[in-house]
Structure formats: C-alpha cells, structure tokens
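Trainee: My questions all concern the structure below.
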Amino acid sequence: MAKTLVIQPVTRIEGHAKVTIQLNDAGNVDTARVNVIELRGFEKFCLGRPVEDLPRIMPRICGVCPWSHHLASAKACDAVFGVEPPPAGKKLRELCNSVAFMEEHILHFYFLAGADFLLGPDADYSIRNVIGVLQAAPDIARKVVKVRHMCAHMLEVLAGKAIHPQAAVPGGFSKPLAPADRDLLRKQADDALDLAKFSIAFAKENVFPKYLDVVKSLGVITTGFIGTVKENGALNLYDGKLRLMAPSGSCQDFPYDRYTEFISEHIESWSYLKFPYAKQWGEGFSMDVENPKGVYRSNTLARINVCDFIDTPLAQAELVEFRAKFGRPAQLTLLYHWARLIELLYNAENAIRLLDDPEITSTETRVKVTPRAARGVGCTEAPRGTLIHDYSTDANGLITNVNLIVGTTHNNAPINMSVTQAAKSLIHDGKYDQGVLNTVEMSIRAYDPCFSCATHRLDGKLSVKLDIFDADGKLLDSLAN
Amino acid sequence: MSEIDQSDSLGQSDLLDQSDLPGFCRKPALVLGVGNILFGDDGFGCAVVDYVEAHYPVPEAVCLLDAGTSVRKLLFTLCLSAARPERLLILDAIDAGRTPGEIFEIDPAEIPPVKLDDFSMHQLPTSNLLRELQETCGVEVRVLACQTGPLPEEISQGLSKAVAAAVPQAAEWLVHEYFPRAIAPRVANNFAAPYVQAGGIV
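Chains Z and D supply the protein sequences, listed in that same order. Here this note's numbering = 1-based position in the first sequence + 1. Here this note's numbering = 1-based position in the second sequence + 47.
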C-alpha cells in the first residue's frame with residue numbers, strides 16, 4: 002500500500018520547486034506533486050497601513066513583475082476610494098501594462114522557454130543559458146536585446162523610474178505624458194511591433210513545427226480557463242470583466258469584484274500554495290488527470306481561449322489561424338508559448354493604438370481621493386495570469402484586510418496535473434531515465450510560474466529536485482540537475 | 048547545439064549603439080544594492096546605496112543603483128548587452144551562519160555550479176547570472192554580503208541593530224574599493240539609526 006508522503010517545507014524566503022512522484026504497485030505513476038513555496042505574511046504586513054501606500058509597496062512583492070502588482074493595487078485603491086480615473090490616467094496605465102507585457106514576453110520566449118526550442122530540450126545544460134542562446138542566434142538575439150532595452154526605457158519615460166514603479170496612484174496616474182515623449186515612444190513602439198511580427202513568423206516557421214509531436218503530447222490536460230475580456234468579448238489585459246470558461250467551452254462572465262462567488266480555494270496538507278477552483282461549476286475539486294473537477298488555467302493560453310476576438314488586426318489574424326489549427330478552447334499545454342507570441346503582437350499593436358490616441362497626452366490624469374471605510378477589488382492580467390488584489394479599509398483609509406491571488410496560484414492545480422501527465426507518459430513499469438527531469442521541467446516552464454516572489458539565494462542550492470517513490474514509500478531515486 | 052536559420056533575421060550587423068544601452072551598462076563600475084526593504088535585514092544592500100548617496104559624492108565613472116528586488120532583470124540585461132561594466136559589485140544580505148552584522152565577500156566562482164532551474168525569471172538564479180558575467184563575459188564580479196540577524200516571526204520593515212551598524216562600514220569599504228580616489232564623507236552622522244527596526248534591539 003502506498004504511504005502518505007509529507008513534503009517538508011523550506012524557509013519562506015527560498016524559491017523552490019520540488020516534484021515528488023509516487024509509483025503504484027505496478028511501477029507506474031500514481032500521482033505527482035509540485036510543491037511550491039508561497040511567500041506568507043505579505044498580506045499581514047500591509048495591515049494598518051494607509052491604503053494609498055500599497056501601490057508603492059506591492060511592486061516589491063515581485064521584482065520580476067512589479068508593474069502587474071502596481072496596477073492591480075492602484076485599481077483596488079480606486080475601488081476602495083470609489084473613484085474612476087480620468088481617461089488619460091487609465092490609458093497611461095494600460096500603456097504601461099502593454100509595454101511591461103512586451104518586455105516579459107520577449108524575455109520568456111527567447112531566453113527562458115525559448116531555450117527549449119532554440120537549443121533543443123535535450124541540450125547540455127552548460128549551453129542552456131543566456132549566453133548559449135545568444136551564441137546560437139546572435140543576430141536575432143541582438144535585436145531582441147535592443148527591443149527589450151527599449152521597452153524598459155519606454156517605461157522609464159512613462160513612469161519616471163524603471164525599477165519599482167510608483168506612477169500609478171489611487172485615482173489615476175501621477176505623470177502626464179508630454180507630446181515630445183509620446184513622439185519618441187511612438188517610434189519605439191513601431192520597433193516593438195516589428196519584433197513581435199518577426200517573432201511569431203519565426204516561431205511558426207522554425208520552431209513550432211519541429212516540436213509539434215512534443216506539443217501534442219507533453220503535459221496535456223483538460224481544464225477550464227480564466228481571463229479578462231472587454232464587455233464585447235475582446236481580449237484586454239488591463240481591465241474588463243472576468244470570464245470563466247468550462248472545459249466544454251461554455252462561459253460565465255462576472256465583474257471581478259465578485260470573484261469569491263465563482264472561485265474557491267482548496268487546501269492540501271502538502272503544499273503552502275492553495276488550489277483555486279471554479280466552485281460555480283458545482284463539481285467540487287479534483288486533480289485527477291483523467292477526470293479533473295473544478296480545475297481551470299490562467300496565463301497566456303487561457304486568455305487566448307476565453308476571448309471572442311482580439312481587436313487589433315494582426316493579432317486577430319493570428320488568433321483566427323491558431324483556432325483553425327487547435328480549436329477553442331485549445332488544451333495543449335505547450336501552446337502557452339504560441340499564445341504568448343499572439344499576446345506579444347497584441348500588446349505592440351495596443352501600445353501604438355494608445356500612443357496614437359490624442360487623449361494620451363492630456364494633463365488630466367488623476368482625480369482626488371478621500372478615505373472611507375470600504376472594500377475594493379483590483380484585477381488585471383499579469384503575464385503569468387489573472388492577478389487579484391482585494392483590500393478593505395476602515396473610515397480613516399487604513400488597511401484592515403488584504404487578499405491577493407497571484408497568477409500562478411490559479412495554475413497550481415494545472416501545473417500539478419501537467420507534471421503528473423508528463424511523468425505518467427515517461428515512467429512505466431518502474432523504468433525511467435534522466436530525460437524525465439528535462440521533460441517535466443518543460444511542462445512546468447510552459448506556465449512561466451512564479452514560484453517565489455521573495456529574495457534570491459546566493460548559495461547555489463538547487464531549485465528543482467524530483468523524488469520518485471515506490472508503492473511502499475521508499476525513495477527510489479532523486480533526480481536533480 | 049541546434050542550428051538556427053537566421054535568414055529571416057531582422058537586421059544584418061545590428062550592433063547596438065552605445066546610446067541604445069541603459070546607463071548601467073555603460074559605466075566602468077556598477078554597484079547594485081539588492082534586496083527587499085520591506086523584509087527587515089534583506090534591505091541591507093539598498094540601505095548601503097542610500098547611505099553612500101547621502102554621504103559621498105558619487106564619481107561619474109560609477110553607476111550606483113538601488114536594484115531592489117529587480118536585480119535579476121538587470122543582470123540578465125548585462126549578460127546580453129554589447130557593452131558591460133568592467134567591475135560589478137553586488138551588495139546583499141544573506142544568512143550564512145555568521146555573526147549578525149558581519150560583512151564578508153562572496154566569490155561567485157565559489158558557489159557550487161549545481162544547475163538551478165530556469166523555469167521563469169522568478170527562478171533564474173542570481174548566482175548563475177553572476178557566474179555567466181564573470182566567466183563568460185569577463186566582468187569582475189564581487190559580492191559584499193552582510194550576515195542577517197535572526198528571522199523575525201513577522202515581516203517588518205527596517206534593519207536590525209547589528210545590520211544597521213554595518214551599513215556605514217560597508218559604505219566605507221565600497222568607496223575605498225570602487226571610487227577612484229579616497230573620498231571623505233560629506234556628512235558624518237549616525238545615518239543608520241532610521242533603519243533600526245521598530246521595537247528596538249533584535
């Protein structure tokens with residue numbers, strides 16, 4: 002009889018992904034668990050603080066996606082104060098969101114997940130690094146680097162500083178965009194669009210066809226999806242309503258401040274990270290790969306699935322082609338990468354659209370706010386998934402409660418399921434090889450997970466360890482690279 | 048290594064102009080204070096940067112930045128950049144089992160070269176990036192660390208007394224090692240005091 006496994010937690014400041022595989026009596030995979038560490042205590046840290054401090058504090062949750070937290074926090078503050086930013090304030094926020102998305106997606110495709118495709122999933126790890134990718138495709142890499150620098154510079158022009166943004170404030174945006182700056186950014190947005198067009202064309206010709214077999218088989222699960230859409234069903238990454246799509250493709254739309262009516266969180270004893278699930282489906286929660294219940298995914302593929310269309314022409318054309326190939330909803334996990342490139346294209350087009358809007362240079366970018374006792378929810382799409390900030394304040398505007406659901410939390414159950422599916426396909430009759438680790442990594446990497454939003458470690462400890470247990474709970478092997 | 052068809056690449060010799068590069072790539076010396084100021088002693092690196100900026104004139108040849116929690120993105124950019132500083136100093140807090148407030152150097156080359164995952168930028172370890180800069184890109188990389196105090200039960204802003212006391216010490220070391228000539232501090236005071244955690248001695 003298989004033993005119950007208890008994964009020992011590590012300290013809260015480590016970034017860590019541990020995969021534990023449980024074999025059954027026949028030596029085949031019974032379950033696989035991905036234990037991630039969620040930073041605890043941040044919500045409590047905010048208690049008693051003036052709510053207007055939170056858009057300045059929240060970017061420090063995560064040094065990789067500060068803009069997402071910054072904007073979701075500002076939106077939550079708007080709701081707490083009961084105000085609507087002026088159009089220019091909203092458009093500047095959305096423009097920053099689009100530019101930040103571009104920077105992230107470029108980096109992820111070319112240098113993180115892209116290494117799987119550009120160097121091959123079995124490439125020696127000694128070259129699976131930043132310089133290795135640069136050496137494999139120097140001309141492309143230089144252009145990518147330039148556009149990435151440019152996106153960072155655009156954010157500095159828009160927000161006044163590149164690290165830990167503070168420009169989004171309750172009621173709007175603190176810094177209007179001068180016309181001369183708008184003209185500069187407009188040229189840079191054209192460069193970003195060029196790279197986006199190149200990226201998806203390059204990937205469709207040189208990358209995805211080579212790995213179609215892997216795409217069709219690795220980490221494939223069937224789930225629902227969640228993402229943000231406008232009232233007319235168009236993709237939007239800054240604001241809109243939430244859409245929860247069941248595996249069948251049927252959808253429920255709701256205002257994001259009612260998320261607790263649609264989403265609940267399951268807790269497992271072996272993980273610090275909760276497992277959100279769609280309680281509205283009325284089926285409970287299960288991560289059984291063959292018969293999942295309540296499980297939905299977030300992030301790029303989810304957003305591409307839930308939207309009815311994309312209201313920028315080039316991205317819409319790509320969406321039409323994507324759906325002709327893979328249907329709607331598309332379930333193949335590695336299609337996250339393809340969806341990421343469609344979003345890259347959308348964000349470049351959206352940035353141009355916003356910069357061409359005469360209202361973007363208006364000096365009316367914020368409204369005044371007055372403290373009150375209230376609850377406010379801010380929701381935006383982060384590169385890694387739907388991000389929700391939920392604040393409550395007392396009559397003096399001091400925080401009494403904070404709840405955050407970050408993008409990767411939505412994907413906790415799907416990541417576990419994808420890893421289970423990947424492990425099941427690779428381990429049979431107790432037999433496996435070192436390649437199982439690489440392949441498991443690929444299935445996790447597709448989600449671009451946010452395993453830790455805390456500090457890094459300098460001591461060189463490994464961050465991925467894969468333990469395989471037999472049916473009696475005996476550790477058979479521990480793989481780590 | 049797979050061969051990649053670059054026939055559709057976007058530009059022939061698309062070398063970057065210096066003006067295309069961010070400022071932190073272009074100066075001979077780059078000093079990055081890293082950490083999260085909200086998490087107690089983890090804010091040490093940022094506090095040192097603040098202290099130096101307040102107490103010393105920063106030479107033109109030195110780029111001094113509070114990188115906060117975004118250091119990985121900056122290091123990533125350095126790895127890819129056509130121009131890089133000659134010298135890079137990281138200021139950071141670490142729990143290495145030493146005496147709280149003790150300052151010591153870490154050589155990235157001494158960190159065990161175990162694979163650290165690359166799932167996402169969240170997991171891209173700073174140590175890998177530092178090693179790449181040092182071994183592949185020829186940048187002199189040094190890490191000045193400060194031993195943290197005991198982990199408190201709850202997150203709170205502000206340095207412990209021992210770590211706060213180390214801030215001026217680290218600043219003086221940095222100035223001696225990285226500023227072109229000996230520079231006297233502008234203001235001699237106990238600037239570390241505001242960094243002490245509420246609640247007194249930890």
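Where is the CB? At the ideal position from N, CA and C, for every residue including glycine. Keep in mind the model is a prediction, meaning the values are calculated, not measured.
Note down, one range per segment and in chain order, each beta strand (DSSP E) of at least 3 residues found wholly within the segment 313 to 395 of chain Z.
Mentor: 375 to 383 and 386 to 394
Trainee: For P60/Z, collect the residues of the same chain with a Cβ closer than 6 Å to its Cβ; drop the 5 residues on either side in sequence, then sort them by chain order.
Mentor: What you label residue 60/Z is simply residue 59 of the first sequence in a count that begins at 1. Counting only Cβ-Cβ distances below 6 Å, and skipping sequence neighbours, we find P67, H70, H71, H165 and P166.
Trainee: For chain D, is any of its Cβ atoms less than 8 Å away from the one on F226/Z?
Mentor: Here residue 226/Z refers to the residue found at position 225 when the first sequence is read from its first residue. With 8 Å as the cut-off, F226/Z does not count as an interface residue toward chain D.
Trainee: Would the segment 321 to 341 of chain Z and the segment 213 to 228 of chain Z be scored as touching if the rule is three or more Cβ pairs under 8 Å?
Mentor: yes
Trainee: If you measure from the beta carbon of A114/D to each beta carbon in chain Z, is any gap under 8 Å?
Mentor: Reading the second sequence from its first residue, position 67 is the one you call residue 114/D. Yes, A114/D lies at the interface with chain Z (some Cβ there is under 8 Å from its Cβ).
Trainee: Output needed for N402/Z: all residues of its chain with C-beta closer than 6 Å, excluding positions within five of it in sequence on either side, in chain order.
Mentor: Residue numbering aside, residue 402/Z sits at position 401 when the first sequence is read from its first letter. S393.
Trainee: Does the Cβ-Cβ distance between H411/Z and S479/Z come in under 8 Å?
Mentor: In the first sequence, residue 411/Z corresponds to position 410, counting from 1. In the first sequence, residue 479/Z corresponds to position 478, counting from 1. Using a Cβ distance threshold of 8 Å, H411/Z and S479/Z do not count as a contacting pair.
Trainee: By DSSP, does L77/D sit in helix, in strand, or in coil?
Mentor: The count along the second sequence starts at 1 and reaches residue 77/D at position 30. Three-state DSSP puts L77/D in a strand.
Trainee: Applying the criterion that 16 or more other CB atoms from any shown protein chain within 10 Å of the CB defines a buried residue, is P277/Z buried or exposed?
Mentor: Here the question's residue 277/Z lines up with position 276 in the first sequence. Counting Cβ neighbours within 10 Å, P277/Z comes out buried, since at least 16 surround it.
Trainee: Alpha carbon to alpha carbon, how far is G408/Z from E382/Z? Give it in angstroms, no decimals.
Mentor: Translated into the one-based positions of the first sequence, residue 382/Z becomes position 381. Translated into the one-based positions of the first sequence, residue 408/Z becomes position 407. Cα to Cα, the separation comes out at about 8 Å.
Trainee: Would you tell me roughly how many angstroms separate the C-alpha atoms of V208/Z and K198/Z, rounded to the nearest one?
Mentor: Counted from its first residue, the first sequence places residue 208/Z at position 207. Counted from its first residue, the first sequence places residue 198/Z at position 197. Near 15 Å, if we compare the C-alpha coordinates of K198/Z and V208/Z.
Trainee: Apart from the five residues on each side of it in sequence, which residues of its chain come closer than 6 Å, Cβ to Cβ, to D471/Z?
Mentor: Here residue 471/Z refers to the residue found at position 470 when the first sequence is read from its first residue. If we look at D471/Z and ignore the five residues flanking it on each side, its Cβ neighbours are L24 and L477.
Trainee: Indicate the three-state DSSP secondary structure (helix, strand or coil) for Q281/Z in the structure shown.
Mentor: The residue given as residue 281/Z occupies position 280 in the first sequence. Residue state, collapsed to three classes: helix.
Trainee: Count the other CB atoms, across all protein chains shown, that sit within 10 Å of the CB of D97/D; report buried if there are 16 or more and exposed otherwise.
Mentor: For the purposes of this step, residue 97/D is taken as the residue at position 50 of the second sequence. It counts as buried.
Trainee: Taking 8 Å as the cut-off, decide whether the C-beta atoms of A349/Z and A202/Z are in contact.
Mentor: The residue labelled residue 349/Z in the question sits at position 348 within the first sequence. The residue labelled residue 202/Z in the question sits at position 201 within the first sequence. Their beta carbons are not under 8 Å apart, which means A349/Z does not touch A202/Z by this criterion.
Trainee: Pairs of beta-carbons, one from the segment 98 to 112 of chain D and one from the segment 220 to 228 of chain D, closer than 8 Å: are there three or more?
Mentor: yes
Trainee: Determine which residues of the segment 124 to 136 of chain D have a Cβ less than 8 Å from any Cβ of chain Z, and write them out in chain order.
Mentor: Of all residues in the segment 124 to 136 of chain D, T124, C126, L127, S128 and A129 have a Cβ within less than 8 Å of some Cβ in chain Z.
Trainee: Mind checking which residues open and close the alpha helix (DSSP H) that includes M155/Z?
Mentor: Mapped onto the first sequence, residue 155/Z falls at position 154. P139 to A160 is the extent of the alpha helix (DSSP H) around M155/Z.
Trainee: Within 10 angstroms of the Cβ of H429/Z, are there 16 or more other Cβ atoms? Answer buried if so, exposed if not.
Mentor: Position 428 of the first sequence, counting from 1, holds the residue named residue 429/Z. Exposed, since its Cβ has fewer than 16 Cβ neighbours within 10 Å.
Trainee: With DSSP as the reference, label D195/Z as helix, strand or coil.
Mentor: As a position in the first sequence, residue 195/Z is number 194, starting the count at 1. Correct three-state label for D195/Z: helix.
Trainee: For chain D, check one thing: does any of its Cβ atoms lie closer than 8 Å to the Cβ of V441/Z?
Mentor: Counting from one through the first sequence, the residue named residue 441/Z turns up at place 440. Taking Cβ atoms only, chain D never reaches closer than 8 Å to V441/Z, which makes this a no.
Trainee: Would you identify the three-state DSSP class for V161/D, choosing helix, strand or coil?
Mentor: Numbered from its first residue, the second sequence carries residue 161/D at position 114. Here V161/D scores only 42 on pLDDT, less than 50, and its place in the model should not be relied on; the value that follows carries that caveat. Three-state result, V161/D: coil.
Trainee: Taking C97/Z as part of the alpha helix (DSSP H), name the residues at either end of that continuous run.
Mentor: Here residue 97/Z refers to the residue found at position 96 when the first sequence is read from its first residue. C97/Z -> alpha helix (DSSP H) spans P88 to L108.
Trainee: Apart from the five residues on each side of it in sequence, which residues of its chain come closer than 6 Å, Cβ to Cβ, to S419/Z?
Mentor: Translated into positions along the first sequence, residue 419/Z becomes position 418. The answer, listed in chain order, is G220, I222, T334 and S444.
Trainee: Counting along the chain, where does the beta strand (DSSP E) carrying A212/D start and finish?
Mentor: The residue given as residue 212/D occupies position 165 in the second sequence. Segment K208 to Y225 is the alpha helix (DSSP H) holding A212/D; no beta strand (DSSP E) there.
Trainee: For V118/D versus L79/D, is the C-beta distance shorter than 8 Å?
Mentor: One-based indexing of the second sequence puts residue 118/D at position 71. One-based indexing of the second sequence puts residue 79/D at position 32. Cβ atoms of V118/D and L79/D: closer than 8 Å.
Trainee: Hey, would you say V81/D sits closer than 8 Å to G92/D, going by beta carbons?
Mentor: For the purposes of this step, residue 81/D is taken as residue 34 along the second sequence, with counting starting at 1. For the purposes of this step, residue 92/D is taken as residue 45 along the second sequence, with counting starting at 1. Contact: yes.
Trainee: Quick one: grab the DSSP three-state call for Q244/D.
Mentor: For this step, residue 244/D is matched to residue 197 along the second sequence. Unreliable placement is indicated for Q244/D, whose pLDDT of 39 sits below 50; no coordinate value is reported for it.
Trainee: Is D473/Z buried or exposed, if buried means 16 or more other CB atoms sit within 10 Å of its CB?
Mentor: Within the first sequence, the letter at position 472 stands for residue 473/Z. Here D473/Z is exposed: its Cβ has fewer than 16 other Cβ atoms, across all protein chains shown, within 10 Å.
Trainee: Here's the rule: buried if 16 or more other CB atoms are within 10 angstroms of the residue's CB, otherwise exposed. What is V234/D?
Mentor: Residue 234/D sits at position 187 when you count from the first residue of the second sequence. Its pLDDT being 47, under 50, V234/D is placed unreliably in this model, and the coordinates cannot settle the point.
Trainee: Rounded to the nearest angstrom, how far is the Cβ of P384/Z from that of F102/Z, given a contact under 8 Å?
Mentor: Numbered from 1 along the first sequence, position 383 holds the residue referred to as residue 384/Z. Numbered from 1 along the first sequence, position 101 holds the residue referred to as residue 102/Z. Their Cβ separation, rounded to whole angstroms, is 6 Å, which keeps P384/Z and F102/Z in contact under 8 Å.
Trainee: Can you tell me where the beta strand (DSSP E) with T146/D in it begins and where it stops?
Mentor: Counted from its first residue, the second sequence places residue 146/D at position 99. From DSSP, T146/D is part of no beta strand (DSSP E); its letter is neither H nor E.
Trainee: Can you grab the Cα-Cα spacing for the pair T364/Z / R73/D, in whole Å?
Mentor: Residue mapping note: residue 364/Z aligns to position 363 of the first sequence, counting from 1. Residue mapping note: residue 73/D aligns to position 26 of the second sequence, counting from 1. Going by the C-alpha atoms only, they are around 34 Å apart.
Trainee: Helix or strand or just coil, what does DSSP make of C454/Z?
Mentor: Translated into positions along the first sequence, residue 454/Z becomes position 453. Only weak support is given to the placement of C454/Z: the predicted model assigns it a pLDDT of 40, under 50, and the question is left unresolved by the model.
Trainee: Please decide whether P67/Z counts as near chain D, where near means a Cβ-Cβ distance under 8 Å.
Mentor: Against the first sequence, residue 67/Z aligns to sequence position 66. Yes, because at least one Cβ of chain D sits closer than 8 Å to the Cβ of P67/Z.
Trainee: Pick helix, strand or coil for I84/D, following the three-state DSSP scheme.
Mentor: Indexing the second sequence from 1 puts residue 84/D at position 37. Reduced to three states, the DSSP call for I84/D is coil.
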